[in-house]
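Each protein sequence line maps, in turn, to chains A and B. Numbering of the first sequence is given in the numbering used here, commencing with residue 92 and proceeding in unit increments. Numbering of the second sequence is given in the numbering used here, commencing with residue 29 and proceeding in unit increments.
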Amino acid sequence: MSSTVQELVGLVEVERKAEERIKEAREKAEEILRRARDEANRILTMDQDSSSDIYTHTREFEENKRRMEMEQMEKIKHLNRMAEKNLERAVNHIVQEVMRLES
Amino acid sequence: MSAEKIREYIERETEAEVKRIIGEAEAEAKKIVEEAKRNASTRLEELRQRRMAEMLARERSELSIMKMAQRAELTKIRTEWLNRAFQEAYRRLRELAKDPNSKAYRDFLVGLVVEGAANLRGSKLLLKTDVDSGKVLERSVKEISDKVSKVKGEKVELEIEASQGSPEGVIIQSSDGRQYYVNTLEARLERVRERLAGVIYNMLFKEGD
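This is the structure in structure tokens:
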């Protein structure tokens with residue numbers, strides 16, 4: 092084989108390797124894009140948990156609830172105190188009214 | 029151009045192309061991931077806001093239900109005190125009715141008969157009562173008869189029928205049984221309750237003296 096033919100064969104081989112290299116690069120690029128899309132899907136579908144917000148909020152609610160319960164207990168105590176104090180007068184009034192006769 | 033130069037040229041161009049392909053892919057990949065992060069962040073914020081709104085609505089509703097339950101509880105307590113006042117009054121009245129020597133009860137019983145008789149027609153009346161009250165009425169029948177006759181403007185004859193288990197107080201009945209006036213303690217208490225429950229209610233829960 093002449094040197095020119097050898098050189099041409101060598102160039103064909105270089106060209107073939109170049110095409111192979113580009114093909115590999117394209118495959119790698121596709122792999123990079125595929126991984127990026129997977130990562131994007133993972134980001135979009137991951138559990139979007141906002142439990143810390145729920146916790147803060149629930150704590151506020153529990154505080155409100157506790158305050159209302161305390162106020163209610165105070166109201167009940169106050170009611171019972173009033174009624175205890177006024178019971179005798181109310182009973183006497185009822186007895187008087189039952190015993191009040193048409194003249 | 030020599031074959032060597034051509035080879036170097038092909039290799040250089042190939043490297044440049046490979047670099048461009050990978051570079052573009054990496055840039056596009058970065059863009060995809062960043063856009064996903066932006067979208068996820070937006071969605072997360074929307075979700076957070078939606079959850080917050082739902083929670084606020086649920087809490088408002090729970091607090092409203094709780095307020096209603098608390099109001100009902102206060103009403104129940106007030107009603108229990110009102111019942112207690114009437115029960116205590118009834119207990120005292122019954123205690124009074126059990127004392128055969130009580131002048132207050134005797135006068136009251138006489139008054140019950142006169143009041144009932146004044147509301148009925150007829151000159152012959154039957155007094156239905158319990159055993160203890162019956163004894164008190166028997167002792168005062170003359171006085172009662174005179175009072176009733178005076179009120180009605182005619183001579184009235186009274187008959188007493190006392191029986192075990194009859195309620196305290198008296199039921200005054202016409203001789204033909206067609207008219208009657210219920211003046212038992214229980215009935216009078218019920219009438220007072222219907223008429224004065226609101227007054228007693230306010231009296232029980234009034235502030236100050």
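Backbone N, C-alpha and C define an ideal beta-carbon position, used for all residues, glycine too.
Beta-carbon proximity check, residue i vs residue j, cutoff 9 Å
i	j	result
LEU137/B	GLY197/B	yes
GLU143/B	GLU193/A	yes
VAL105/A	ARG48/B	no
ALA132/B	VAL179/B	no
LEU148/B	LEU186/B	no
ALA109/A	ILE38/B	yes
ALA190/B	SER161/B	yes
ALA53/B	ALA120/A	yes
ASN155/A	GLU74/B	no
GLU159/A	LYS104/B	The sequence given here has Met at residue 159/A, not Glu. No.
ALA64/B	ASN132/A	yes
GLU130/A	ILE50/B	no
VAL169/B	ILE188/B	yes
THR149/A	MET80/B	no
LEU135/A	ARG71/B	yes
GLU90/B	PHE152/A	yes
ALA113/B	LEU178/A	yes
CA nearest to the CA of residue i, picked from the options
i	options	result
GLU171/B	ILE34/B, GLY51/B, ASP135/B, TYR208/B	ASP135/B
ASN111/B	ARG221/B, THR70/B, SER168/B	ARG221/B
LEU232/B	ARG172/A, VAL186/A, GLN187/A	ARG172/A
LYS126/B	LYS163/B, LYS152/B, GLU90/B	LYS163/B
GLY193/B	GLN207/B, ASP174/B, VAL159/B	VAL159/B
ALA44/B	ARG112/A, GLN97/A, VAL96/A	ARG112/A
SER130/B	ARG167/B, GLY205/B, ARG40/B, GLN98/B	ARG167/B
LEU121/B	ARG223/B, ARG216/B, SER92/B	ARG216/B
Rounded straight-line distance, which links the Cα of residue j to that of residue i
i	j	result
ARG76/B	VAL46/B	44 Å
GLN201/B	GLY181/B	18 Å
LYS156/B	GLY139/B	15 Å
ALA85/B	ILE123/A	46 Å
SER203/B	GLU101/B	50 Å
VAL141/B	VAL210/B	10 Å
GLY226/B	VAL189/A	16 Å
LEU165/B	LEU170/A	43 Å
ILE185/A	ARG119/B	12 Å
GLN207/B	SER151/B	12 Å
VAL176/B	ARG191/A	17 Å
ALA174/A	PRO128/B	33 Å
LYS58/B	ARG126/A	11 Å
ARG99/B	VAL182/A	25 Å
LYS176/A	ILE167/A	14 Å
GLU162/A	SER69/B	42 Å
ARG157/A	ARG128/A	49 Å
GLN187/A	LEU224/B	12 Å
SER94/A	ARG107/A	20 Å
GLU62/B	MET164/A	55 Å
GLU108/B	GLN115/B	10 Å
LYS33/B	VAL96/A	16 Å
GLY205/B	ARG180/A	40 Å
THR42/B	MET137/A	40 Å
VAL103/A	GLU118/A	22 Å
Beta-carbon proximity list for residue i, same chain, < 6 Å, skipping 5 on both sides
i	result
GLU214/B	PRO195
THR212/B	PRO195, GLY197
Cβ-based neighbour list, residue i, same chain, cut-off 8 Å, excluding 5 preceding and 5 following
i	result
TYR229/B	ARG106, LEU110
SER92/B	none
ASN67/B	none
Contacting residues, own chain, Cβ-Cβ under 7 Å from residue i (five flanking each side not counted)
i	result
VAL184/B	ALA145, SER151, LEU153, SER173, VAL176, SER177
GLY101/A	none
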